[in-house]
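>
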Amino acid sequence: SLDRESRAKYTLTVEAQDQGIPSLTSTVTLDISVLDLNDNSPVFPSSSYSVEIPEDALEGSLVLEVSASDKDDGSNSQVVYFLSRESRGMFIVDQHTGRIITAAALDREKVASYSFQIYAMDSSASNPRNTSAEVNVHILDVNDNAPFFITDPLIINVSTSSLSNHKVLATMRAEDKDFGANGSVFYRFANPVKGFTINSLTGDIQATERLHALTQNQRTLIVEAMDQGNPSQSSLGVVIVYIREQSYQGIRFTRNTRDVSLQENAAKGGIMTL
Numbered sequence: 001s002l003d004r005e006s007r008a009k010y011t012l013t014v015e016a017q018d019q020g021i022p023s024l025t026s027t028v029t030l031d032i033s034v035l036d037l038n039d040n041s042p043v044f045p046s047s048s049y050s051v052e053i054p055e056d057a058l059e060g061s062l063v064l065e066v067s068a069s070d071k072d073d074g075s076n077s078q079v080v081y082f083l084s085r086e087s088r089g090m091f092i093v094d095q096h097t098g099r100i101i102t103a104a105a106l107d108r109e110k111v112a113s114y115s116f117q118i119y120a121m122d123s124s125a126s127n128p129r130n131t132s133a134e135v136n137v138h139i140l141d142v143n144d145n146a147p148f149f150i151t152d153p154l155i156i157n158v159s160t161s162s163l164s165n166h167k168v169l170a171t172m173r174a175e176d177k178d179f180g181a182n183g184s185v186f187y188r189f190a191n192p193v194k195g196f197t198i199n200s201l202t203g204d205i206q207a208t209e210r211l212h213a214l215t216q217n218q219r220t221l222i223v224e225a226m227d228q229g230n231p232s233q234s235s236l237g238v239v240i241v242y243i244r245e246q247s248y249q250g251i252r253f254t255r256n257t258r259d260v261s262l263q264e265n266a267a268k269g270g271i272m273t274l
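First residue of the sequence shown? That's 1 in the UniProt record's numbering, and the numbers climb one at a time after it.
(1) Would Asp227 be called buried (16 or more neighbouring beta carbons within 10 Å of its own) or exposed?
(2) Less than 8 Å separating the beta-carbons of Arg244 and Ser159?
(3) Going by other Cβ atoms of all chains shown within 10 Å of its Cβ, with 16 needed for buried, is Pro153 buried or exposed?
(4) Just list the beta strand (DSSP E) runs in the UniProt domain "Cadherin" (150 to 253), keeping only unbroken ones of 3 residues or longer that don't cross its boundaries, in chain order.
(5) Let's test the definition: count the other Cβ atoms within 10 Å of the Cβ of Tyr242 and tell me whether it reaches 16, buried, or not, exposed.
(6) Under three-state DSSP, which class holds Asn76?
(7) Considering only their Cβ atoms, is the gap separating Val14 from Val34 smaller than 8 Å?
(8) Quick one: give me the first and last residue of the beta strand (DSSP E) that residue 278 is part of.
(9) To the nearest angstrom, how far is it from the Cα of Glu5 to the Cα of Ala125?
(10) Buried or exposed: which applies to Ile118, given that a residue is buried once 16 or more other Cβ atoms fall within 10 Å of its Cβ?
(11) Compute the beta-carbon to beta-carbon distance between Ala120 and Asn130, rounded to the nearest angstrom, for a pair I have assumed lies under 8 Å.
(12) Report the option in Ile53, Ser77, Gln17 whose CA atom is closest to the CA atom of Val43.
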């Protein structure tokens, strides 16, 4: 059987010979060109591609350039490219070059990765053939979010007698939508604070001295939450501590009334137990 992709041309020499004595001959050269039939689909070098791109990439940034080949000839071998709908309009491809670029702003916090198909189709007018490859685009995090406090301001009421030093009074928690070090939050007081300390990892706030020793009935603490990105981002939150003095109750009897028996001849100055 003929296969143009294996051999496109044949050259034959045809000889005609009569039966005379002596016989006479004549030859002719026949060149045969095998016409192409669209019997091959385009082929990608790989069945899947995985790429990374930062989320702050500008619209029109190159994501990936692919190329498919087709063994056929003429329009049967001319390949055009298009993407599947899973690309969500975030990416477009040049149909002639296979260059995939961003079509909109990326945001890793909304969508961290995309998976879609790229199709290569030949230009046969009668029976076009196509093939596909998978493209996985992973969005790299950029430190574009500052930490935010879950409760701000945080208001707490404590009694001077109910809590001792080094006991956790409250926890100031912050979250960061970024990933990895960009989303890892550390805590500290924005200004030096007497009488309190904050755990840099957990945000736990503790008194470093007994509350009755603090002279102010209200303390305002400014907490800074800072991520570990480069450069880092930070936010400030407020903790208001109201310190209540325990009211003095005085000396009280265990019972309001008590019945006692006393002899009528009891000596003056005798002791009664209540």
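The C-beta atom is built at its ideal place from N, Cα and C for all residues, glycine as well.
Looking at the atomic coordinates:
(1) In the sequence shown, residue 227 corresponds to position 227, counting from 1. Around the Cβ of Asp227, a 10 Å sphere holds 16 or more other Cβ atoms; the residue is buried.
(2) Start at 1 with the first residue of the sequence shown, and residue 244 comes out as number 244. Start at 1 with the first residue of the sequence shown, and residue 159 comes out as number 159. Yes, Cβ-Cβ distance for Arg244 and Ser159 is below 8 Å.
(3) Position 153 of the sequence shown holds residue 153. The residue in question, Pro153, is exposed, as its Cβ has fewer than 16 Cβ neighbours within 10 Å.
(4) Listed in chain order, the beta strand (DSSP E) elements of length 3 or more contained wholly in the UniProt domain "Cadherin" (150 to 253) are 154 to 159, 168 to 171, 185 to 189, 196 to 198, 204 to 207, 218 to 227, 234 to 244.
(5) Position 242 of the sequence shown, counted from the first residue, corresponds to residue 242. Exposed, since its Cβ has fewer than 16 Cβ neighbours within 10 Å.
(6) Mapped onto the sequence shown, residue 76 falls at position 76. Correct three-state label for Asn76: helix.
(7) In the sequence shown, residue 34 corresponds to position 34, counting from 1. In the sequence shown, residue 14 corresponds to position 14, counting from 1. Their beta carbons are not under 8 Å apart, which means Val34 does not touch Val14 by this criterion.
(8) Only positions 1 to 274 of the chain appear in the structure, and residue 278 is not among them; the question remains open.
(9) To locate residue 5, count along the sequence shown from 1; it is residue 5. To locate residue 125, count along the sequence shown from 1; it is residue 125. Each residue's Cα considered, the two are about 19 Å apart.
(10) Your numbering for residue 118 matches position 118 in the sequence shown. Buried, by the Cβ-count rule.
(11) Counted from its first residue, the sequence shown places residue 120 at position 120. Counted from its first residue, the sequence shown places residue 130 at position 130. Confirmed, about 6 Å.
(12) As a working mapping, residue 43 is identified with position 43 in the sequence shown. With distances taken between Cα atoms, Val43 lies closest to Ser77.
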